[in-house]
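Student: Okay, here's the structure, questions in a sec.
2 protein chains.
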Amino acid sequence: MISGKFAITIHILTLLTKFPNDFLSSEFIAGSINLNPVLVRKEIANLKSHRLVESKEGKNGGTKLTVDPSSITLKAIFEMTFETINLGYAKNTPNPECPVGKKINQNLSNLYTNINRKISLQLEDITLEDFSNQF
Amino acid sequence: MISGKFAITIHILTLLTKFPNDFLSSEFIAGSINLNPVLVRKEIANLKSHRLVESKEGKNGGTKLTVDPSSITLKAIFEMTFETINLGYAKNTPNPECPVGKKINQNLSNLYTNINRKISLQLEDITLEDFSNQF
DNA sequence: ATATTTGTAATATATTTTATTACAGTATGA
DNA sequence: TCATACTGTAATAAAATATATTACAAATAT
Chain A
1 MISGKFAITI HILTLLTKFP NDFLSSEFIA GSINLNPVLV RKEIANLKSH RLVESKEGKN
61 GGTKLTVDPS SITLKAIFEM TFETINLGYA KNTPNPECPV GKKINQNLSN LYTNINRKIS
121 LQLEDITLED FSNQF
Chain B
1001 MISGKFAITI HILTLLTKFP NDFLSSEFIA GSINLNPVLV RKEIANLKSH RLVESKEGKN
1061 GGTKLTVDPS SITLKAIFEM TFETINLGYA KNTPNPECPV GKKINQNLSN LYTNINRKIS
1121 LQLEDITLED FSNQF
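For the record, the sequence lines run as chains A and B. For what it's worth, our numbering labels the leading residue of the first sequence as 1, then goes sequentially. For what it's worth, our numbering labels the leading residue of the second sequence as 1001, then goes sequentially.
As structure tokens, this is what we get:
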């Protein structure tokens, strides 16, 4: 399984891009995603820590973008939600007495690093504006 | 979280490549991965359904490769364990009344398809033999 | 025959993800 | 100023997934 963090974050940012002049409430955003508003606020907290959005508390409060959607790439969003993509590791520490067990995680890690490079190159070319314009 | 299926399967196949003339028991393989033997047998069942390995039951039984490790790519292994890589979807059905909710999954899906193409191209170039030679 | 191994089902445990509840703090505006 | 509507965050619960364990029938080597 993979968590929905990236998808949720993109969804939030797309909505904020579509309504650049409004402070959108977590309730409203949650209604579009069909998700609990608390979880929306958690992802927004993450976006805030990266200075992509600002929030206003209190009545008529909500969240809006602080950056131009053409200046932020999906790569940046990807890095805010996952550090890396990987195809997984076995849960337990492999047997260090075995030549394969000893090196497997390092070799998988090298493989995954290369995959991440490719994904990053691709996501670097797509801005939030590009993505939002599809809607 | 991501399941360890791919990593476990690669580990199994690497061991089988290293001992091409032996039937390795699930117990032995599990000892290298540090995993329950039943889970090893489950992944082997999957490999068998793809005709990459054969097993022998009974005493001194086990599993061995049926293919040349230079003829099988990591892409094929990837496809046997995951169908696709994706960066996730929000769990619930997004709101179809919302222009963003209505299209978000399709747009994410398109994005992920492109990512999968890139990953596939990369994994296509690496054979099981290549991977095993790193050990 | 006995011991060892696969194959598989059933069940349990652990972990992760998502949801809910609760409430303090803040701003709006009637 | 006071009711209302938000954010922020913690604590807890529920659901989903991943991994582990137990059990045992069937197969086969010696």
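Backbone N, C-alpha and C fix where the C-beta goes; we use that ideal spot for every residue, glycine too.
By a C-beta neighbour count over all protein chains shown, 10 Å radius and 16 as the cutoff for buried, is A/Val40 buried or exposed?
Tutor: Under this definition A/Val40 is a buried residue.
Student: Along the chain, where does the alpha helix (DSSP H) containing A/Leu123 start, and where does it finish?
Tutor: From DSSP, the alpha helix (DSSP H) with A/Leu123 extends over Pro99 to Glu124.
Student: Should A/Lys59 be flagged as near chain B, meaning a C-beta pair shorter than 8 Å?
Tutor: Answer no: the Cβ-Cβ gap between A/Lys59 and chain B never drops below 8 Å.
Student: Counting Cβ pairs closer than 8 Å, one from the stretch 1068–1080 of chain B and one from the stretch 125–134 of chain A, do we hit at least three?
Tutor: Cβ pair count under 8 Å is below three, so no.
Student: Excluding the 5 residues flanking B/Thr1009 on each side, which residues of the same chain have their C-beta closer than 8 Å to its C-beta?
Tutor: For B/Thr1009, where only same-chain residues beyond five positions count, the Cβ hits under 8 Å are Glu1043, Asn1046, Leu1047, Ile1077, Met1080 and Thr1081.
Student: Please list the segments of the alpha helix (DSSP H) lying wholly inside the stretch 26–99 of chain A, counting only runs of 4 or more residues, in order along the chain.
Tutor: Runs found: 26–33, 37–49 and 74–81.
Student: Within 8 Å (strictly less), CB to CB, does B/Ala1007 reach chain A?
Tutor: True, the Cβ-Cβ gap to chain A drops below 8 Å.
Student: Whole angstroms is fine: what's the gap from B/Ile1012's alpha carbon to A/Lys59's?
Tutor: Looking at the two C-alpha atoms, the distance is approximately 58 Å.
Student: Taking the alpha helix (DSSP H) that B/Phe1006 belongs to, which residues open and close that run?
Tutor: Per DSSP, B/Phe1006 belongs to the alpha helix (DSSP H) from Lys1005 to Lys1018.
Student: Is A/Thr63 buried or exposed, if buried means 16 or more other CB atoms sit within 10 Å of its CB?
Tutor: Buried, by the Cβ-count rule.
Student: Rounded to the nearest angstrom, what separates A/Ser49 and B/Asn1092 at their Cα positions?
Tutor: Distance between the alpha carbons of A/Ser49 and B/Asn1092: 26 Å.
Student: Please tell me whether A/Lys118 has its Cβ less than 8 Å away from any Cβ of chain B.
Tutor: Interface residue, yes.
Student: Against chain A, which members of the stretch 1013–1033 of chain B pass a CB distance test of less than 8 Å?
Tutor: Those residues of the stretch 1013–1033 of chain B that come within reach of chain A (Cβ to Cβ, closer than 8 Å) are Thr1014, Leu1015, Lys1018, Gly1031, Ser1032 and Ile1033.
Student: Who pairs with B/Leu1024 in a beta bridge, going by DSSP?
Tutor: Answer by DSSP bridge pairing, in chain order: B/Thr1063.
Student: Could you work out which residues of chain A lie near B/Leu1108, taking near to mean beta carbons separated by less than 8 Å?
Tutor: Chain A residues near B/Leu1108: Ala7 and Ile10.
Student: What residues of chain A sit near B/Ile1115, judged by a beta carbon separation below 9 Å?
Tutor: Simply Ile85, Lys118, Ile119, Gln122 and Leu123.
Student: So A/Phe131 is in the alpha helix (DSSP H); what residue range does that whole segment cover?
Tutor: Per DSSP, A/Phe131 belongs to the alpha helix (DSSP H) from Leu128 to Ser132.
Student: For the putative contact between A/Leu74 and A/Leu123, defined by C-beta atoms under 8 Å, what is the C-beta separation to the nearest angstrom?
Tutor: With 8 Å as the limit, A/Leu74 and A/Leu123 qualify as a contact, their Cβ atoms being about 4 Å apart.
Student: Skipping 5 residues on each side, what residues in its chain have a beta carbon closer than 6 Å to that of B/Ile1104?
Tutor: Excluding sequence neighbours, B/Ile1104 sits near Pro1094.
Student: Shorter than 8 Å from the beta carbon of A/Ser141 to some beta carbon of chain B?
Tutor: Nothing can be reported for residue 141 of chain A, as the shown portion of chain A is limited to 1 through 135.
Student: With a threshold of 8 Å between beta carbons, is A/Val67 in contact with chain B?
Tutor: Output row for A/Val67: interface = no.
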